[in-house]
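> This is the structure, below, for whatever I ask next.
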Amino acid sequence: MSKQIIVVGSGNAAMCAGIAALEAGASVLMLEKADQDLAGGNTKYTAGAMRFAYDNADDLLPLLKDPDDPRLAVTDFGGYTKAKFAKDLLGFNGGRPLSVEQERLIDDSLPAMQWLGGHGVKFEPIYSRQSFEKDGRHVFWGGLTLAAENEGVGLFDMELAAFEALGGVIRYNSAVTELVTDDGKVTGVKVGDEVINADAVILACGGFEASAERRRDWMGGHWDKAKVRGTPMNTGDGLAISVEIGAQQNGLIDGCHATPMDLHMPDYANLDLPASERKNYRKICYFLGVMLNADGARFVDEGENFRNYTYAQFGKAVLEQPGHFAWQIFDAKVNDLLYAEYRFHDASFVEADTLEDLCAKLEGVDRAAALVTLRAYNDAVNKDVAFDPTSLDGKNTSGLSLPKSNWAQRIDTPPFKAYPVTGGITFTYGGLKVSDTGAVLKEDNSPICGLYAAGEMVGGVFFEGYPGGSGLTSGAVFGRVAGRGAALNSQVT
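What the sequence shown shows, in our numbering, is residues 15 to 507, in sequence order.
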């Protein structure tokens with residue numbers, strides 16, 4: 015008789031866990047807190063990009079939905095080695111060595127993508143956001159090349175189709191409120207008063223970013239003021255019920271993925287919009303201009319690195335500014351380079367034909383100081399280096415106390431536009447400690463029999479930031495591990 019597995023959650027990590035468990039011969043019931051429209055966790059809010067180690071285009075072509083796309087003949091994908099992935103993660107570790115979770119993420123990233131491809135989950139090159147045209151070719155930058163067709167919504171749809179094709183069953187409006195145990199072993203869950211028995215339970219129900227109370231109590235700082243970019247369902251229930259039965263916490267409980275977001279975005283990115291449009295409130299093209307706070311001052315080096323490596327930190331930096339907001343300033347030279355989110359029908363911005371008039375429209379800002387800052391920035395731009403958005407071009411400023419290290423162009427071509435932003439939280443980094451089979455560990459590092467975790471529930475994967483696209487890959491890697499572990503490990507019997 016096949017093992018009975020319960021998966022809690024229905025996002026990318028949950029789906030990968032369910033697919034892996036079914037593939038290993040188990041029967042799987044997926045319990046989703048939300049209704050059908052809101053199912054899918056944070057996955058539906060993402061752009062569907064997945065970062066993974068690859069040597070060259072030969073590793074990518076089998077993953078593509080359209081391997082005959084004529085653009086491929088004039089595309090330079092480059093490579094993204096395991097060593098480069100490791101270096102990028104270490105850049106956000108605050109001096110920590112690679113964790114065992116990060117090593118697993120790196121080593122299993124390409125195999126996880128190939129595994130998904132084998133289940134009909136296909137991808138597209140991210141031409142619109144991760145490449146620039148140069149000398150007649152599409153040049154990819156930053157090591158992030160592929161996203162699911164139709165982004166996060168498409169990823170969810172493809173994974174759900176694979177899950178159901180293997181015989182998986184999903185129940186909506188079924189919030190898990192408690193883990194059922196017998197002599198230290200997890201034997202099922204409670205959904206309200208209903209007890210559902212199982213041989214193993216896989217928790218893949220996200221972090222606690224949607225709970226302002228838990229953000230305040232567990233993270234401190236200004237995080238209770240953050241806009242919630244993702245699903246309203248991730249309120250930390252899985253973490254809470256795990257800790258209640260002795261689960262070991264892991265990672266930085268006050269760490270999270272953040273990003274600059276439209277200041278006037280509703281929480282959960284406007285649930286009245288289709289899920290595919292909710293991501294359009296992010297504002298991550300700051301590297302093409304400058305950001306000013308309420309004092310009219312710059313507060314980050316907008317050109318420190320490619321935006322894949324800075325947006326999580328800069329979202330936090332915006333939240334820490336007076337009033338928890340900033341303005342992103344651009345001129346007409348970069349208008350065609352701004353991502354589609356800046357042209358979204360609901361985007362907030364002001365526009366003017368002079369910098370003086372633009373500064374007068376910056377609500378909440380010391381306008382005289384802002385104009386001084388912009389003029390000083392323009393005077394400091396290095397005119398001897400060519401602007402090149404495909405590389406760390408070294409087009410910098412000189413003489414400023416806070417430099418702009420790359421992509422520094424004078425803001426001098428009208429019309430000028432300014433976009434108000436705040437810090438938006440996407441997911442939290444603190445989670446549970448798991449074994450190499452995905453089993454949740456106790457404080458003494460012994461497993462809690464019958465309990466597994468995946469996705470945002472796994473701590474130790476990210477610390478003080480992360481390279482963009484790693485979150486979905488982590489969900490796939492640790493979801494696959496937990497699904498196989500729950501279905502095959504003798505501890506669940």
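C-beta: ideal position from N, C-alpha, C; glycine also.
1) Compute the distance between the beta-carbons of Tyr186 and Ala48, then report whether it is under 9 Å.
2) Residue ranges of each beta strand (DSSP E) run of no fewer than 3 residues wholly in the region 196-263, ordered along the chain?
3) For chain C, check one thing: does any of its Cβ atoms lie closer than 9 Å to the Cβ of Leu86?
4) Between the region 464-484 and the region 299-310, do at least 3 Cβ pairs fall closer than 8 Å?
5) For Thr249, does the count of other Cβ atoms within 10 angstroms reach 16, so buried, or fall short, so exposed?
6) Going by C-alpha to C-alpha distance, which of Leu416, Lys375, Glu163, Tyr356 sits closest to Thr387?
7) Is the separation between the beta-carbon of Gly265 and that of Tyr443 shorter than 9 Å?
8) Using a threshold of 9 Å, state whether the C-beta atoms of Tyr433 and Tyr353 are closer than that.
9) Are the beta-carbon atoms belonging to Ile19 and Ala214 less than 9 Å from one another?
10) Taking the straight line between their C-alpha atoms, what separation do you get for Glu192 and Thr201?
11) Inspect the beta-carbon positions of Ala67 and Leu130 and report whether they are closer than 9 Å.
12) Give the C-beta separation of Gly310 and Ala383 to the nearest angstrom, bearing in mind that I take them to be a contact with Cβ-Cβ under 8 Å.
13) What number of angstroms, rounded off, separates the C-alpha of Asp380 from the C-alpha of Phe177?
14) Examine the Cβ distances between the region 131-142 and the region 92-101 and report whether three or more of them are shorter than 8 Å.
15) Between the C-alpha atoms of Glu377 and Arg424, what's the straight-line distance to the nearest angstrom?
16) Lys372 to Phe344, Cα distance in whole Å?
17) Is the number of C-beta pairs between the region 50-67 and the region 479-493 that are closer than 8 Å three or more?
18) By the three-class DSSP mapping on this structure, what secondary structure does Glu192 have?
19) In this structure, what does DSSP give as the bridge partners for Val395?
20) I think Ile184 touches Ser41, with their Cβ atoms under 8 Å apart; what is that distance to the nearest whole Å?
21) Would you mind sorting Asp393 into buried or exposed? The rule is 16 or more other CB atoms within 10 Å of its CB.
22) Got a sec, what are the start and stop residues for the alpha helix (DSSP H) Val495 sits in?
23) Less than 9 Å between the C-beta atoms of Gly182 and Leu43, yes or no?
24) Give me whichever residues DSSP pairs with Tyr68 in a beta bridge.
25) Tell me, please, which residues DSSP counts as bridged to Met44.
26) Start and end of the beta strand (DSSP E) containing Asp345?
27) How many angstroms separate the CA atom of Trp341 from the CA atom of Lys431?
28) Using only the alpha-carbon positions, how far apart do Ala162 and Asp171 sit?
29) Taking all protein chains shown into account, decide if Lys293 is buried (16 or more other Cβ within 10 angstroms of its Cβ) or exposed.
30) For Asp268 versus Met233, is the C-beta spacing smaller than 9 Å?
31) To the nearest angstrom, report how far apart Asn503 and Gly134 are at their CA atoms.
32) Could you give the distance in angstroms between the alpha-carbon of Gln505 and the alpha-carbon of Asp69?
33) Determine the extent of the beta strand (DSSP E) in which Met305 is found, giving its start and end residues.
34) Quick check: Gly497 and Gly452, are their CB atoms within less than 9 Å of each other?
35) By DSSP, does Ala311 sit in helix, in strand, or in coil?
36) With a 10 Å radius around its C-beta and 16 neighbouring C-beta atoms as the bar for buried, classify Gln50 as buried or exposed.
Based on what the coordinates show:
1) yes
2) 199-205, 208-211, 214-217
3) No chain C appears in this structure, which consists of one protein chain only.
4) The region 464-484, when compared against the region 299-310, does not touch it at the 8 Å Cβ threshold.
5) By the 10 Å Cβ count, Thr249 comes out buried.
6) Leu416
7) yes
8) no
9) yes
10) 11 Å
11) no
12) 3 Å
13) Approximately 54 Å between the Cα atoms of the pair.
14) Contact between the region 131-142 and the region 92-101 is absent: fewer than three C-beta pairs spanning the two stretches fall below 8 Å.
15) 23 Å
16) Inspection of the sequence shows that residue 372 is occupied by Leu rather than by Lys. Approximately 11 Å, taken between the alpha carbons.
17) yes
18) Three-state result, Glu192: strand.
19) Beta-bridge annotation (DSSP): Val395 is paired with Thr411.
20) Their Cβ separation, rounded to whole angstroms, is 13 Å, which puts Ile184 and Ser41 out of contact at 8 Å.
21) Burial call: exposed.
22) 484-502
23) yes
24) Tyr94
25) Partner(s): Val21, Ile184.
26) Premise fails: Asp345 is in no beta strand (DSSP E) and is neither H nor E.
27) If you draw a straight line from the Cα of Trp341 to the Cα of Lys431, it comes to about 10 Å.
28) 10 Å
29) buried
30) Yes, these two residues count as a Cβ contact at 9 Å.
31) One alpha carbon belongs to Asn503, the other to Gly134, and they sit about 26 Å apart.
32) Note on Gln505: pLDDT 48, under 50, position unreliable in the model; the coordinate value appears next. Approximately 37 Å between the Cα atoms of the pair.
33) 304-306
34) Yes, they are a contact pair.
35) coil
36) exposed
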